[in-house]
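Trainee:
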Amino acid sequence: KSPYLQQHAYNPVDWYPWGKEAFERARATGRPIFLSIGYSTCHWCHVMERESFENEEIAAYLNEHFVSIKVDREERPDVDGVYMDAVQAMNQRGGWPLSAWLLPDGKPFFGGTYFPPEHFKKLLTRIVEAWKKQRPLLDQQAGKLTEHLASQAGKFQAMAAVQPGLCDGVFDYLDQAHDDEYGGFSGPPRFAPKFPRTSNLDFLLRYSSRKGSKRGETMVYTTLDRMVAGGIRDHLAGGFHRYSTDRVWLLPHFEKMLYDNALISRTLIGAYKRSGNDRYLEVARETLDYVLSRLRDKDGGFYSAEDADTEGVEGLTYVWTRKEILGLLGEKTGELFCDFYGVKEEGNFKEERSAPGSPEHANILHLPFADWGADLARKRGLTREALTSQISAARARLLGVRDKRAQPFLDAKVLVEWNGLMISALAQAYQVSAEGRYLEAAQAAAGFISSRMVRDGALYRRYKDGEVGIRAFLEDYAFLVDGLLDLYESDFDRRWLDLALKLGKDMVTSFWDEKNGAFFSTAKHHEKLILRRKEFYDGALPSGNSVALLDLLRLQEFTGDKAFEEPVKVFKKLAAGLVEKFPHMHPQLSCAIEYVLFDPLEIVVCGPAEDPVTRAMLKEIRGRFLPAKVVVHASTAEAATALSSLVPLTEAKIPIGGKPTAFVCRNRVCRLPARNLASLKRQLDEAVAKKKAPAESK
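Counting from 1, one number per residue, gives the positions in the sequence shown under our numbering.
1) Within a Cβ cutoff of 6 Å, which residues of the same chain sit near residue 216, ignoring the five residues on either side of it in sequence?
2) Whole beta strand (DSSP E) runs in the stretch 539-619 with 3 or more residues, listed along the chain?
3) Please report the straight-line C-alpha distance between residue 617 and residue 408, rounded to a whole angstrom.
4) At what residue ranges does the stretch 461-511 contain a whole run of the beta strand (DSSP E), taking only runs of 3 or more?
5) Give the DSSP-derived three-state secondary structure of residue 187 in the structure shown.
6) Tell me which residue opens and which closes the beta strand (DSSP E) that residue 665 is part of.
7) Please report the residue range of the alpha helix (DSSP H) in which residue 111 lies.
8) For residue 558 and residue 187, what's the separation of their Cα atoms in angstroms?
9) Do residue 480 and residue 414 have their C-beta atoms closer together than 8 Å?
10) Evaluate residue 75 with the Cβ neighbour count: other Cβ atoms within 10 Å of its Cβ, from every protein chain shown; 16 or more gives buried, anything less gives exposed.
11) Which same chain residues end up closer than 7 Å to residue 696 when comparing Cβ atoms and leaving out the 5 residues on each side of it in sequence?
12) Please state the DSSP three-state secondary structure of residue 374.
13) List the endpoints of the continuous beta strand (DSSP E) containing residue 72.
14) Give me the residue from 531, 346 and 670 with the minimum Cα distance to residue 151.
15) Report the rounded CA-to-CA distance for residue 283 versus residue 432, giving the unit in angstroms.
16) Looking only at C-alpha atoms, which of 17, 31 and 657 sits nearest to residue 128?
17) Between residue 365 and residue 2, what straight-line distance do the alpha-carbon atoms span, to the nearest angstrom?
18) For residue 513, does the three-state DSSP call read helix, strand or coil?
19) Taking buried to mean at least 16 other C-beta atoms within 10 Å of its own C-beta, is residue 247 buried or exposed?
20) Quick one: which unbroken alpha helix (DSSP H) runs of 4-plus residues sit fully inside the stretch 367-426? Chain order, please.
21) For residue 310, write down the residues that DSSP places opposite it in a beta bridge.
22) So, using beta-carbon positions, are residue 399 and residue 237 closer together than 8 Å?
23) Could you spell out the range, first to last residue, of the beta strand (DSSP E) harbouring residue 633?
24) What are the boundary residues of the beta strand (DSSP E) that includes residue 102?
25) By the DSSP assignment, the beta strand (DSSP E) with residue 37 in it spans what residues?
26) On a Cα-Cα basis, can you pick out the residue from 611, 278, 574 and 320 that is closest to residue 546?
27) From residue 613 to residue 624, what does the alpha carbon distance come to, in whole angstroms?
28) Give the DSSP-derived three-state secondary structure of residue 669 in the structure shown.
29) Could you tell me if residue 700 is buried or exposed, where buried requires 16 or more neighbouring beta carbons within 10 angstroms of its beta carbon?
30) Mark residue 4 as exposed unless 16 or more other C-beta atoms lie within 10 angstroms of its C-beta, in which case mark it buried.
31) Residue 276 and residue 252 look like a contact to me (Cβ under 8 Å); what is the Cβ gap, rounded to whole Å?
32) In the DSSP assignment, the alpha helix (DSSP H) including residue 221 goes from what residue to what residue?
33) Can you have a look at residue 466 and say buried or exposed, based on whether 16 or more other CB atoms are within 10 angstroms of its CB?
34) For residue 82, which residues from the same chain have a beta carbon less than 8 Å from its beta carbon, with the 5 sequence-adjacent residues on both sides left out?
35) Under 8 Å: do the stretch 323-332 and the stretch 254-274 share three or more Cβ pairs, one atom per stretch?
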């Protein structure tokens, strides 16, 4: 069912899927294994396929001398993680397509990423020669590398106490790496490529809130402003591309991933709540609307991605010539549009490598800077409203034309991990906007997963064409629990909290390391690979362990369930040790530390959902940037009592005098009941101020 494997089905290379058959074939023939890992929307994966895997000469050599295995990293992150670790250990860098050479028992002895065809042919010849003449040496290298990878797990077992200054090192690292002119954290001297690693920004929002750091907020807003203005954002249909190859966020790799758009939307919503800048919420809504219109399955789940390439050419769907735009919009409106979006006669799109059919003089739409519209309106003698109206109409016209072009490939598999992120993003969007379509979409996706992707009580990772497959990994559990908790705080439907609690307990049972703490990426029932990994690094996606810790903290606050006591106790110390020792690797794990340091608020609102005061109280809570909280609503005293068996916070909480009442608590100790909105605002202000560190220069 993998779209990526289907893309390679007609290569002249005799590909095997990952499984027993391939390894038995390698043992029977005495050949090494060539392992190629990628994903369906990866530009450089397509390039290597065209250059090497569709090359008859190279394919014949692979078929004669190797057993070739093709793996979809999005379906099998466990396999990808093991061999990416190996390649990075050998080369100090990684990426996709991943290319590795293995012994018939699966131990790696050599690896890399993309290889140009001439280099690849020479490399294959050298590996075959070494296999024939130096096999004992290759066996030795593979054994030592596998031992090294296994030993690395030990370095992640440092323990420390959670204390107020613990995350200062994370801040200091980001402060040094930040590009003050264009945002992002690629570091000097090149400040490129730039990835939307949202966990950096999410950490800075939380850290800055607690520490009163203006510098931290500035880094967040500079980065988001440049991303929103840049070519990494699709200015016609909405949504963000994967990453920028340059310093200024202009030239992206054009694939659009579900997870990026979920993560960026959440960060924009957080920045909106912290800053009050409506622009961030506007772009978050635009991004989510793109997902709802382009990536949504008719039954409620969300598809994985849109490709970088169209008809073999990267970005072909998205770029424009100035001549095209003037022809479609007319000279006057066309000139205005070209000025607005930085369109030049000579073009601004410079591919890393040209392909046949690449357009000449092509442009990527972008804004010279975040508030460029106001500046251009003044220069043109227009009101901002008039400019916005003209540009909006022009965008709609060009999008209509663009939609009739050849479109990038759509990867229509549904992954629980990424759907969990999107459920969270949609739920948070509903909380700040009160727009029902976001809540309905989050509910539908959660319902889709709970009804279609659970079989005999077991959660599965992938759904495609009516079939589920592959038992869920840690990331699937962790990200789904996170989304379900955000959804519960949106509609207060108990079934989401019940499901989150069940999955949280299953996660501890199946993935928790009883001996050393933290979570393995694979469960006890998964296939045994050459090693059982734990992932702590927060990269393009937060690590499963980082999200899982936050899940446990939130579940413990909601339910007080004793199943989480010992894991939380151990994991907090382990997380503190990791953040202290490797601050640059763990921004999302640091968000969990910030959650602990803020000392979560426990907020219960009692009152009829339709009552204007109840609605106003919930709106006030949801509109604030509160780094650590759980929120519960009960419509009546009887509902609060009934819920208390699951959420002890609601015990004895009643609408006093039959009127909506809010209870703001910490560590189960509550302030006086807030019986009106003004009282609630005052209590929230006081609760946040109490946990803030003294203002600092950072």
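Ideal placement from N, C-alpha and C gives every residue a C-beta, glycine not left out.
Please read these numbers as outputs of a predicted model, since none were measured by experiment.
Mentor: Inspection of the coordinates gives the following:
1) Your numbering for residue 216 matches position 216 in the sequence shown. Around residue 216, the same chain offers 204, 207 and 208 as residues with beta carbons nearer than 6 Å, after the five sequence neighbours per side are excluded.
2) If we require 3 residues or more, the beta strand (DSSP E) runs fully inside the stretch 539-619 come out as 601-606.
3) As a first step, residue 617 must be located in the sequence shown, where it is residue number 617. As a first step, residue 408 must be located in the sequence shown, where it is residue number 408. Taking the straight line from one Cα to the other gives about 45 Å.
4) If we require 3 residues or more, the beta strand (DSSP E) runs fully inside the stretch 461-511 come out as 467-471.
5) Taking the first residue of the sequence shown as 1, we reach residue 187 at position 187. Coil.
6) Position 665 of the sequence shown holds residue 665. 661-666 is the extent of the beta strand (DSSP E) around residue 665.
7) Locating residue 111 in the sequence shown gives position 111, where the first residue counts as 1. Per DSSP, residue 111 belongs to no alpha helix (DSSP H); it is in the beta strand (DSSP E), 108-112.
8) Here the question's residue 558 lines up with position 558 in the sequence shown. Here the question's residue 187 lines up with position 187 in the sequence shown. For the pair residue 558 and residue 187, the Cα-to-Cα distance works out to about 40 Å.
9) On the sequence shown, position 480 is the one that residue 480 refers to. On the sequence shown, position 414 is the one that residue 414 refers to. In this structure, residue 480 keeps its C-beta atom at 8 Å or more from the C-beta atom of residue 414.
10) The residue labelled residue 75 in the question sits at position 75 within the sequence shown. Counting the other Cβ atoms within 10 Å of the Cβ of residue 75 gives 16 or more, which makes it buried.
11) Position 696 of the sequence shown, counted from the first residue, corresponds to residue 696. Reliability of the predicted coordinates at residue 696 is poor, the pLDDT of 45 falling under 50, and the value obtained from them is presented with this limitation in mind. Around residue 696: 211, 212 and 213.
12) The residue given as residue 374 occupies position 374 in the sequence shown. Three-state DSSP puts residue 374 in a helix.
13) For the purposes of this step, residue 72 is taken as residue 72 along the sequence shown, with counting starting at 1. Residue 72 -> beta strand (DSSP E) spans 67-72.
14) In the sequence shown, residue 151 corresponds to position 151, counting from 1. Ranking 531, 346 and 670 by Cα distance to residue 151 puts 531 first.
15) Taking the first residue of the sequence shown as 1, we reach residue 283 at position 283. Taking the first residue of the sequence shown as 1, we reach residue 432 at position 432. Roughly 13 Å separates the two Cα atoms.
16) Locating residue 128 in the sequence shown gives position 128, counting from the first residue. When each option's Cα is compared against that of residue 128, the closest is 31.
17) As a first step, residue 365 is located in the sequence shown; it is residue number 365 there, counting from the start. As a first step, residue 2 is located in the sequence shown; it is residue number 2 there, counting from the start. Going by the C-alpha atoms only, they are around 33 Å apart.
18) As a position in the sequence shown, residue 513 is number 513, starting the count at 1. Note: residue 513 maps to coil in three-state DSSP.
19) By 1-based counting over the sequence shown, the position of residue 247 is 247. Its Cβ being crowded by 16 or more others within 10 Å, residue 247 is buried.
20) Scanning the stretch 367-426 for uninterrupted alpha helix (DSSP H) segments of 4 residues or longer gives 372-380 and 384-402, listed from N- to C-terminal end.
21) Here residue 310 is taken as the residue at index 310 of the sequence shown, counted from 1. For residue 310, the beta-bridge partners assigned by DSSP are 313.
22) One-based indexing of the sequence shown puts residue 399 at position 399. One-based indexing of the sequence shown puts residue 237 at position 237. Taking 8 Å as the Cβ cut-off, residue 399 and residue 237 qualify as a contacting pair.
23) Looking up residue 633 in the sequence shown gives position 633. Here the beta strand (DSSP E) through residue 633 covers 629-634.
24) Reading the sequence shown from its first residue, position 102 is the one you call residue 102. For residue 102, the uninterrupted beta strand (DSSP E) run begins and ends at 98-102, by DSSP.
25) In the sequence shown, residue 37 corresponds to position 37, counting from 1. Looking at the DSSP string, the run of the beta strand (DSSP E) that includes residue 37 is 33-38.
26) The residue labelled residue 546 in the question sits at position 546 within the sequence shown. Nearest C-alpha to residue 546: 574.
27) As a first step, residue 613 is located in the sequence shown; it is residue number 613 there, counting from the start. As a first step, residue 624 is located in the sequence shown; it is residue number 624 there, counting from the start. The straight-line gap separating the alpha-carbon atoms of residue 613 and residue 624 is approximately 17 Å.
28) Mapped onto the sequence shown, residue 669 falls at position 669. In the three-state DSSP reduction, residue 669 falls in the strand class (E or B).
29) This structure cannot speak to residue 700, because the chain is shown only from 1 to 698.
30) For the purposes of this step, residue 4 is taken as the residue at position 4 of the sequence shown. Residue 4 comes out buried.
31) Counting from one through the sequence shown, the residue named residue 276 turns up at place 276. Counting from one through the sequence shown, the residue named residue 252 turns up at place 252. Contact doesn't hold; Cβ gap of about 29 Å is too wide.
32) Translated into positions along the sequence shown, residue 221 becomes position 221. For residue 221, the uninterrupted alpha helix (DSSP H) run begins and ends at 214-229, by DSSP.
33) On the sequence shown, position 466 is the one that residue 466 refers to. Counting the other CB atoms within 10 Å of its CB gives residue 466 a total below 16, which places it among the exposed residues.
34) Counting from 1 along the sequence shown, the entry for residue 82 is found at position 82. Counting only Cβ-Cβ distances below 8 Å, and skipping sequence neighbours, we find 149, 529, 530, 531 and 533.
35) Judged by pairs of C-beta atoms under 8 Å, the stretch 323-332 does not touch the stretch 254-274, as fewer than three such pairs exist.
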